Amino acid sequence: MKAVAAAIAAFVVAGSLAVRAQQPPAPARAARDRAPIDITGYWVAYVTENWRYRMVTPAKGEYRRIPSSRAALPIINAWDPAADERAGEQCKSYGAGNIMSVPGRLHITWQDADTLKIETDAGMQTRLLEFAPKNSATAGAAARSWQGQSTATWEPAAGGGGSLRVATRNLRPGYLRKNGVPYSEQTTITENFDVAPLASNGMLLLVNTVVEDPIYLNAPYVISPHFKKEPDGSKWDPTPCSASW
Amino acid sequence: MGSNAMLSKLVIALAVVFTASTASAQFEFVGSWAPIGTEDVQNDSVPVDYLGLALTDEARTRALTYDESQKSMIERQCEGWGAAYLVLGPFGLRVSSQTDPVNNTVVSYTIGAWEDWNEMVIWMDGRPRPSDLALHTQAGFTAGHWEGGALVARTTHFKGGFIRKTGVPLTDNAVIDWRFYRHGDIVTVLMIATDPVYLVEPEIVSKSFRMSPRPLDYRAGCVTGYEGHEPLAAVPHFAPDRNPFVDEFVKLYHLPKEAVLGYPETVYPEYRKKIKDSYVPPPPCTDSCGAAGNFVVRR
Numbered sequence: 001m002k003a004v005a006a007a008i009a010a011f012v013v014a015g016s017l018a019v020r021a022q023q024p025p026a027p028a029r030a031a032r033d034r035a036p037i038d039i040t041g042y043w044v045a046y047v048t049e050n051w052r053y054r055m056v057t058p059a060k061g062e063y064r065r066i067p068s069s070r071a072a073l074p075i076i077n078a079w080d081p082a083a084d085e086r087a088g089e090q091c092k093s094y095g096a097g098n099i100m101s102v103p104g105r106l107h108i109t110w111q112d113a114d115t116l117k118i119e120t121d122a123g124m125q126t127r128l129l130e131f132a133p134k135n136s137a138t139a140g141a142a143a144r145s146w147q148g149q150s151t152a153t154w155e156p157a158a159g160g161g162g163s164l165r166v167a168t169r170n171l172r173p174g175y176l177r178k179n180g181v182p183y184s185e186q187t188t189i190t191e192n193f194d195v196a197p198l199a200s201n202g203m204l205l206l207v208n209t210v211v212e213d214p215i216y217l218n219a220p221y222v223i224s225p226h227f228k229k230e231p232d233g234s235k236w237d238p239t240p241c242s243a244s245w
Numbered sequence: 246m247g248s249n250a251m252l253s254k255l256v257i258a259l260a261v262v263f264t265a266s267t268a269s270a271q272f273e274f275v276g277s278w279a280p281i282g283t284e285d286v287q288n289d290s291v292p293v294d295y296l297g298l299a300l301t302d303e304a305r306t307r308a309l310t311y312d313e314s315q316k317s318m319i320e321r322q323c324e325g326w327g328a329a330y331l332v333l334g335p336f337g338l339r340v341s342s343q344t345d346p347v348n349n350t351v352v353s354y355t356i357g358a359w360e361d362w363n364e365m366v367i368w369m370d371g372r373p374r375p376s377d378l379a380l381h382t383q384a385g386f387t388a389g390h391w392e393g394g395a396l397v398a399r400t401t402h403f404k405g406g407f408i409r410k411t412g413v414p415l416t417d418n419a420v421i422d423w424r425f426y427r428h429g430d431i432v433t434v435l436m437i438a439t440d441p442v443y444l445v446e447p448e449i450v451s452k453s454f455r456m457s458p459r460p461l462d463y464r465a466g467c468v469t470g471y472e473g474h475e476p477l478a479a480v481p482h483f484a485p486d487r488n489p490f491v492d493e494f495v496k497l498y499h500l501p502k503e504a505v506l507g508y509p510e511t512v513y514p515e516y517r518k519k520i521k522d523s524y525v526p527p528p529p530c531t532d533s534c535g536a537a538g539n540f541v542v543r544r
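Take a look at the structure:
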């Protein structure tokens, strides 16, 4: 009899769910209200990886650990930072393909309820992560930019927490490193933002990044820069782009 | 089949559905995960390379005494391949799980050994951590749980060893916290190593692996053997102020010496601004300039 009762109860629950599924959907909650993790605030790059490729400008022609294609080699070997400066292209290594690896600070805020804004003091760049992007026709017509267009989605985990996934495209061609290792305008970038606790109520932001480029990469370029949370913006130090440093 | 039996099966089926929904906080970790190798987590394997580390003076001094010939001593052969080598080494992850046959829950995950690195068993059954006085082993004791979609684990009870294979030390009082994230076919392992003696700030390393359709190599862990160094012979070492390799990395890439020696300020952006006017780029690369590789370009 207990089994019969349990089964009936289960059917009632299932029936209720089915009825609910037929009702008109409730208005979608804004991304800010659905956030499974909080990544807002000031964050500082903690450069324990790729130090030699990030903290100083590597030698011209060196592209170790980047799966550059043969098509990239003439560009790598022709890198001329002075020419980039003259052409007004000094921000080529501050595009979305590399900006999270540039040593500096992030300031992450909600621009509106469905758009996260990431500002960088190094290079003074702004990324907009849109949870409710404009329709695709409009988006496709937008001019290419260093930071491109980023579509964001939450990936909540059952039981709490989760991740932020960001897909970026429509980029101006840029550099994966300061010394001119290129990515093309056909590049797409997929990032996952995760947080982890540190001692003394600290917080770490981990940005797993996959850069794919059918022109200048033979394989996806995968990196995972990380940042420590800071209590405030007292160390925020906006610095313009530099082609050589 | 009676109606009661059928209803019982229905109840069980519904329970399975709800249980599966709850279990989505976890990801499938079992399988082979190949290293991607596009990040430099241990730099260039020159004898004195502490880039990206925030070391205490004690750690730096001890690291500078290290001579790689110590690896030929039986009692020191496994010293460099502790738990941290999981993300510092060049190998992939071959993960298996061990389940309780009665309730079908995961008791542990095992990341298989690779060459000198010993396997890591991540206990998931809630067993207590050993006493502070318990035996420390090469692999240590690791317990884990699921949290926010990540596998979270902590390793303690390992032997004193290295945080970098260039002899940068880690005490047996250190703690290593791990987070394993999975996004699509990529698993990213985050290591946060804390050492009250040798690290001013935690050493944080993240490394990504891609799902492999083929099983990775599985090899034995560190096994010692006679390698020509006689028992009771002197320990090969340098006086810390006379390490002959101290300037090698500095000269090779024109790197600031304090960065190569792991001074804490060098891991923050302010340091980059500090050296901006004094840094002289190395000459253009002409040999072995591209693709992946663990080893230094010798000019």
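Heads up: the protein sequence lines correspond to chains A and B, in order. Read in the numbering used here, the first sequence has 15 at position 15, and its numbers run on one by one without any break. To get the numbering used here, take the position in the second sequence, counting from 1, and add 245. Virtual Cβ for every residue (Gly too), placed ideally from N, Cα, C. Computed from a prediction, not measured in an experiment: that's the story for all the values here.
In the structure shown, Trp51(A) adopts helical secondary structure according to DSSP, grouped into three states. Only residues of its own chain outside the window of five on either side were considered, and among them Ser317 have a CB closer than 7 angstroms to the CB of Gly473(B), listed in chain order. Within the region 160-178 of chain A, contact with chain B at the beta-carbon level (separation under 7 angstroms) is assigned to Gly160, Gly161, Gly162 and Ser163.
Chain order gives the chain A residues near Tyr426(B) as Ser163, Asn192, Asp194, Leu206 and Asn208, where near means a beta carbon separation below 8 angstroms. DSSP places Arg307(B) inside the alpha helix (DSSP H), whose first and last residues are Asp302 to Leu309. Shortest Cα-Cα distance from Asn348(B) to any of Asp370(B), Asp440(B), Val450(B) and Pro501(B) involves Asp370(B).
DSSP, reduced to helix, strand and coil, places Asn208(A) within a strand of the structure shown. Against chain B, the CB of Thr239(A) has a partner CB under 9 angstroms away; the residue lies at that interface. Excluding the 5 residues flanking it on each side, Arg307(B) has same chain C-beta neighbours closer than 6 angstroms at Pro414, in chain order.
Of the other Cβ atoms in all chains shown, fewer than 16 fall within 10 Å of the Cβ of Asp33(A); this residue is therefore exposed.
Every beta strand (DSSP E) of 3 residues or more that sits fully in the region 356-432 of chain B is shown, in chain order, as 365-368, 386-392, 395-401, 406-409, 413-415 and 420-428. DSSP, read as helix, strand or coil, puts Leu333(B) in helix. Following the DSSP letters along the chain, one finds Ala279(B) inside the beta strand (DSSP E) bounded by residues Gly276 to Pro280.
Burial is judged here by how many other beta carbons sit within 10 angstroms of a residue's own beta carbon; Lys502(B) has fewer than 16 and is exposed. Between Pro225(A) and the set Val450(B), Ile431(B) and Asp522(B), the nearest pair of CA atoms involves Val450(B). The three-state secondary structure of Ser145(A), taken from DSSP, is strand.
With respect to the C-alpha of Ala465(B), the residue from Tyr354(B), Val340(B), Gln343(B) and Asp361(B) having the closest C-alpha is Asp361(B). Residues of chain A whose Cβ lies closer than 8 angstroms to the Cβ of Ile437(B) are, in chain order, Ala196, Leu198 and Leu204.
Under a 10 Å Cβ-count criterion, Gln322(B) is classified as buried, with 16 or more other Cβ atoms of the shown protein chains found around its own Cβ.
The criterion of a C-beta distance shorter than 9 angstroms is not satisfied by Ile408(B) and Leu435(B). Under the Cβ distance rule, Gly412(B) does not count among the residues neighbouring chain A, no pair being separated by less than 9 angstroms. Less than 9 angstroms divides the Cβ of Phe403(B) from the Cβ of Ala419(B). Contacts with chain B (Cβ-Cβ distance below 9 angstroms) from the region 102-122 of chain A involve Val102, Pro103, Gly104, Arg105, Asp121 and Ala122, listed in chain order. Listed by position along chain B, the residues whose Cβ is nearer than 9 angstroms to that of Thr153(A) form an empty set, because the closest Cβ is around 12 angstroms away. A contact is defined here as three or more CB-CB pairs under 8 angstroms, and the region 167-175 of chain A meets this definition with respect to the region 93-100 of chain A.
Of the residues Arg399(B), Asp294(B), Val275(B) and Gly282(B), the one whose Cα lies closest to the Cα of Thr344(B) is Val275(B). Interface criterion met: the Cβ of Arg517(B) is under 9 angstroms from a Cβ in chain A. Distance check between Glu324(B) and each of Arg487(B), Phe490(B), Val468(B) and Cys530(B) places Val468(B) closest, using alpha-carbon atoms only.
Proximity of chain A to Ser453(B) at the Cβ level (cut-off 7 angstroms) is accounted for by Asn208, Val222 and Ser224, in chain order.
Gly202(A) and Lys229(A) have their C-alpha atoms spaced approximately 7 angstroms apart. Shown here, Met203(A) sits in a strand according to DSSP, grouped into three states. With a cutoff of 9 angstroms on beta-carbon distance, Val195(A) and Asn208(A) are scored as not near each other.
Taking 7 angstroms as the Cβ-Cβ cut-off, the region 55-81 of chain A approaches chain B at Met55, Val56, Thr57, Ala59, Lys60, Gly61, Glu62, Tyr63, Arg64, Arg65, Ile66, Pro67 and Ser68, given in chain order. CA-to-CA, the gap between Ser457(B) and Leu333(B) works out to about 19 angstroms. The beta carbon of Trp391(B) sits closer than 9 angstroms to some beta carbon of chain A. For Tyr463(B), there is no enclosing alpha helix (DSSP H), as DSSP gives it neither H nor E.
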